[in-house]
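S.K.: Quick one: structure below, then a few questions.
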Amino acid sequence: MTNTHSNPNQANEIVDQLKASGALDELFSKIDSGEVELTGDGGLVPALIKETLERGLGAEMTSHLGYTAGDRDAKTTTNSRNGTYAKTVASEAGDIEISVPRDRDGSFTPRLVPKGSRRLGGLDDMIISLYAGGMTIRDIQHHLVSTIGTELSHETISNITDAVLDAVMEWQQRPLEEFYPVIYLDAIRVKVRDNGHVRSKAAHIAVGVDMDGIKHVLGIWVQNTEGASFWAHVCAELANRGVQDVLIVCCDGLTGLPDAIEATWPDSLVQTCVVHLIRAANRFVSYTDRKAVSRALKPIYAAANEEAALTALTTFAESELGRKYPSAVAVFENAWDRFIPFLQFPPALRRVIYTTNAIESLNYQLRKVTKNRSQFPTDDSVVKLLWLAICNIEDKRAREREKEKGKGKARKATTGRLVEGQITTNWKQALAQLAVAYPDRMNPYL
């Protein structure tokens, strides 16, 4: 039997021992000369896998029957070996034909290569990884044929990726923390086939920052439009999953969204994302003027207080750029009440709450994954891909954290658990300032 949890260090030690003994020299010589191929039909790697599988299956049969082949005890048992049958399995090294042993009464059930299975487990992991990285099913089909010589149908690959849907559903319904100091709400646009028509839909994403400053994706929801009524449904679902209180919710300037948030968490402070405001202000600005307008807007959101921000807005409105682009002035004027809340806080806390960048950076990576798809067949397929992509992103972050540890940098508290992001920058300082601003609500959780 193969050990799926083998120690890679032990395997490396065995290879080193074989190299040191010279046992591999002749093999390497044949590989270098082209006499032995590593992969493909008749290759060394498929042959090794075949030998390993058949040896493991033989050991399973011995365990099942209770005696080895040729053992005298075979005569005392009612069941016995009954030859083999050929089976082709797809692997990461290509298709491999193996001989599977069988017994006379048909009670042998192999575990190494289960009945009905035509793929080795590692291939499923490869397909899911490729899918999470943004490859379409057609792309994966071509990749498998061109790299390892394995051809799988569209339906097979789709079924492999669909196998994660139960895990997605469990994640989407998992209980949440009772309290999050900050939650970010945002959405990305995707094309989904719906009743024979391709529609543009919004994949709503919520990211919560816990008391340790760790960012968690709380859920993914797909809806036709990024509307306030649906955000109300999202907030209600988060509350039903355990979120009782949120200090600050950072979101874009969608009309009605603040009301939806406050209907769920009445004491929450709703902050319009400044980055969204800057983008909206630049919507009707010519490309050549956008950098200048963005620089001119900075004194507004970098102001010491509301009065200074209003003065900066007036200065911009009366400037040449302000007169040229009155729509940019109007964006800030119309959002003023939801723009100014963060100005009451010190700089460290402002940087945490003034923008949805914590979710924007995630959305940027998710858009790279979804751009290869002109459309999705269902809403579930959108959630499935985004969930897999988020897991993939967090796996990469976990590996980066491990590398940082090796370089002697400050060790971070996160360990790469499922769909768990990085620690919020300057979180300890921001948390201290939140404790001063909201002592009654923060103290029970400190």
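Per the numbering used here, the sequence shown starts with residue 36, numbered consecutively.
The beta carbon of each residue, even a glycine, is placed where N, CA and C say it ideally should be.
Computed from a predicted model, the values in this text were never measured in an experiment.
(1) Within the chosen definition, does the segment 340–353 reach the segment 391–407 through at least 3 CB pairs nearer than 8 Å?
(2) State the CB to CB distance for the pair residue 417 and residue 227, rounded to an integer number of angstroms; the pair is presumed to be in contact (CB under 8 Å).
(3) Short of 8 Å in beta carbon distance, which residues of its chain neighbour residue 317, apart from the five on each side in sequence? Order them along the chain.
(4) Determine the direct distance from the alpha carbon of residue 52 to that of residue 286, and round the result to whole angstroms.
(5) Near residue 340, which residues of its chain fall below 7 Å by C-beta distance, leaving aside the five closest residues on each side in sequence?
(6) The alpha helix (DSSP H) with residue 258 in it runs from where to where?
(7) Applying the 10 Å Cβ sphere with the 16-neighbour rule, what's the burial state of residue 64?
(8) Got a sec? Which residues, its chain only, sit under 7 Å from residue 238 by beta carbon, not counting five neighbours each side?
(9) Can you tell which of 117, 236, 126 has the C-alpha that lies nearest to the C-alpha of residue 135?
(10) In chain order, which continuous runs of the alpha helix (DSSP H) of length 4 or greater are located wholly inside the segment 161–211?
(11) Does the ligand ATP have even one heavy atom less than 7 Å from the beta-carbon of residue 191?
(12) Quick check: the Cα distance between residue 384 and residue 476, rounded to an integer number of angstroms?
(13) Can you give me the start and stop residues for the alpha helix (DSSP H) that residue 336 sits inside?
(14) Quick check on residue 208: buried or exposed, where buried means 16 or more other Cβ atoms within 10 Å of its Cβ?
(15) Would you report the Cα separation of residue 465 and residue 306, rounded to the nearest angstrom?
(16) Could you name the residues that DSSP lists as bridge partners for residue 306?
(17) According to DSSP, what are the bridge partners of residue 417?
(18) For residue 470, which three-state DSSP category applies?
(19) Using 10 angstroms around the beta-carbon of residue 95, count the other beta-carbons present and answer buried if the total reaches 16, otherwise exposed.
(20) Can residue 370 and residue 354 be called in contact, C-beta distance under 8 Å?
(21) Look at residue 281 and residue 215 and say whether their C-beta atoms are less than 8 Å apart.
M.R.: So, from the data block:
(1) The segment 340–353, when compared against the segment 391–407, does not touch it at the 8 Å Cβ threshold.
(2) The C-beta distance from residue 417 to residue 227 rounds to 6 Å, short enough to fall under 8 Å.
(3) Excluding sequence neighbours, residue 317 sits near 325, 328, 329, 363.
(4) Rounded to whole angstroms, the separation of the alpha carbons of residue 52 and residue 286 is 59 Å.
(5) The answer, listed in chain order, is 378.
(6) First-last for residue 258: 249–258, but that is the beta strand (DSSP E), not the alpha helix (DSSP H).
(7) Its Cβ having fewer than 16 others within 10 Å, residue 64 is exposed.
(8) Taken in chain order, the residues that qualify are 222, 223, 225, 255, 257, 417, 421.
(9) For residue 135, the closest of 117, 236, 126 by C-alpha to C-alpha distance is 117.
(10) Considered as a whole, the segment 161–211 harbours 172–183, 189–197, 200–207 as its complete alpha helix (DSSP H) runs of no fewer than 4 residues, in chain order.
(11) Ligands in the displayed structure: none, and consequently the ligand ATP is not present.
(12) Roughly 17 Å between the two C-alpha positions.
(13) Per DSSP, residue 336 belongs to the alpha helix (DSSP H) from 325–336.
(14) Looking at its Cβ environment, which holds fewer than 16 other Cβ atoms inside 10 Å, residue 208 is exposed.
(15) So the alpha carbons of these two residues sit roughly 16 Å apart.
(16) By DSSP's assignment, residue 306 forms a beta bridge with 285.
(17) Looking at the DSSP output, residue 417 sits in no beta bridge, so it has no partner there.
(18) Assigned with DSSP and collapsed to three states, residue 470 falls in helix.
(19) Result: buried.
(20) It is not a contact, given that the beta carbons lie outside the stated cut-off.
(21) It is a contact, given that the beta carbons lie within the stated cut-off.
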